[in-house]
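Chemist:
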Amino acid sequence: DSGVTQTPKHLITATGQRVTLRCSPRSGDLSVYWYQQSLDQGLQFLIQYYNGEERAKGNILERFSAQQFPDLHSELNLSSLELGDSALYFCASSSGGRARDTQYFGPGTRLTVL
Amino acid sequence: QQQVKQSPQSLIVQKGGISIINCAYENTAFDYFPWYQQFPGKGPALLIAIRPDVSEKKEGRFTISFNKSAKQFSLHIMDSQPGDSATYFCAASMNYGQNFVFGPGTRLSVLP
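Here you go:
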């Protein structure tokens, strides 16, 4: 158990809908990262927050947004969902904001868009 | 320039053998190269990482070899065990976040 929690574990929704994925980092960790893992695209970095502020941005679509709250939990919002958004979404946390800081991954949220 | 290539796509090794996974990158600004291990149904977990100022790093049975001039790095798993059967991802990043780029993964099966 990494200490990172993600809810929900599974999510099934329809095209065009909006969903929110939630992540609670390990106690004391200030950074939260979001990743998308799909069969055709592999593991892709979406975005990183550090202590409430956006630190780095990867291949995140404009339909997706994220934020980190004062209690350091983070939410990833996916809107106008398409079939291709079906994937595993992982959250990871680390103590610092640098790439060399070990990231601890949560168990993931499996999103299915029908 | 942001791609990380990884090979082989899958690998079958006998117990006790050496597993070797190779990765290559283009962007010379990358300065941090981690390897992740992922078991089915679980999130990736950091296995070992290296910075380009060293050519090799060893942790237990796992060794990263790094060739800066060739822009290649590899993971060696010595004395491979069935419990090592997992998917392995190499990655590259610049130290201050920016963009983590992952290889497509290698599915390793270690036969008993």
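Protein sequence lines correspond, in order, to chains A and B.
Position one of the first sequence corresponds to residue 104 (the working numbering), numbered consecutively onward.
Position one of the second sequence corresponds to residue 938 (the working numbering), numbered consecutively onward.
C-beta atoms are modelled at their ideal positions from N, C-alpha and C, and glycine is treated no differently.
Owing to the predicted nature of the structure, the values given are computational and were not obtained by experimental measurement.
1) Taking the continuous beta strand (DSSP E) assigned at B:V950, which residues delimit it?
2) Would a check of beta-carbon distances place B:L1048 closer than 9 Å to chain A?
3) Touching or not, the region 945 to 962 of chain B and the region 193 to 207 of chain A, by the rule of three or more beta carbon pairs under 8 Å?
4) Under DSSP, the beta strand (DSSP E) around A:S134 begins and ends at which residues?
5) What does B:G1020 touch in chain A if you count any residue whose Cβ is under 7 Å from its own?
6) Write down the C-beta distance between B:F1037 and A:A202 rounded to the nearest angstrom, noting that I regard them as a contact closer than 8 Å.
7) What residues from the region 180 to 212 of chain A come within 9 Å of chain B, judged by C-beta to C-beta, listed N to C?
8) Verify the CB distance criterion: does B:S947 have a CB-CB separation below 9 Å to chain A?
9) Whether or not the region 174 to 185 of chain A and the region 120 to 134 of chain A are in contact is what I'm after, with contact meaning three or more pairs of Cβ atoms, one per stretch, closer than 8 Å; do they touch?
10) Counting along the chain, where does the beta strand (DSSP E) carrying B:P971 start and finish?
11) Restricting to runs no shorter than 4 residues, where is the alpha helix (DSSP H) found entirely within the region 986 to 1046 of chain B?
12) Starting from A:L146, find everything on chain B with Cβ-Cβ shorter than 9 Å and list it in chain order.
13) Out of B:I957, B:A1007, B:K994 and B:A982, point me to the one whose CA is closest to B:S1046's CA.
14) Using alpha carbons as the reference points, say which of A:N162, A:S141, A:S168 and A:Q147 lies closest to A:L186.
15) For A:T215, count neighbouring Cβ atoms within 10 angstroms of its own Cβ and tell me buried if that reaches 16, exposed if not.
Modeler: Reading from the atomic positions:
1) DSSP places B:V950 inside the beta strand (DSSP E), whose first and last residues are S947 to Q951.
2) Not flagged as an interface residue toward chain A: B:L1048, since no C-beta distance is shorter than 9 Å.
3) Result no; under three Cβ-Cβ pairs closer than 8 Å.
4) A:S134 -> beta strand (DSSP E) spans S134 to S141.
5) Within 7 Å of the CB of B:G1020, no CB atom of chain A is found; the nearest one sits about 18 Å away.
6) About 7 Å; that satisfies the 8 Å criterion.
7) Within the region 180 to 212 of chain A, the residues whose Cβ lies closer than 9 Å to some Cβ of chain B are L191, F193, C194, A195, G200, R201, A202, R203, T205, Q206, Y207, F208, G209, P210 and G211, listed in chain order.
8) Judged by the 9 Å Cβ criterion, B:S947 is not in contact with chain A.
9) Contact between the region 120 to 134 of chain A and the region 174 to 185 of chain A is present, because at least three Cβ pairs lie under 8 Å.
10) Here the beta strand (DSSP E) through B:P971 covers F970 to Q975.
11) DSSP runs (the alpha helix (DSSP H)) wholly in the region 986 to 1046 of chain B: none.
12) Residues of chain B passing the Cβ test: Y973, Q975, P981, F1026, A1028, F1037, F1039, G1040, P1041 and G1042.
13) Of the residues B:I957, B:A1007, B:K994 and B:A982, the one whose Cα lies closest to the Cα of B:S1046 is B:I957.
14) Of A:N162, A:S141, A:S168 and A:Q147, the residue nearest in Cα terms is A:S141.
15) The residue is exposed, with fewer than 16 neighbouring Cβ atoms inside 10 Å.
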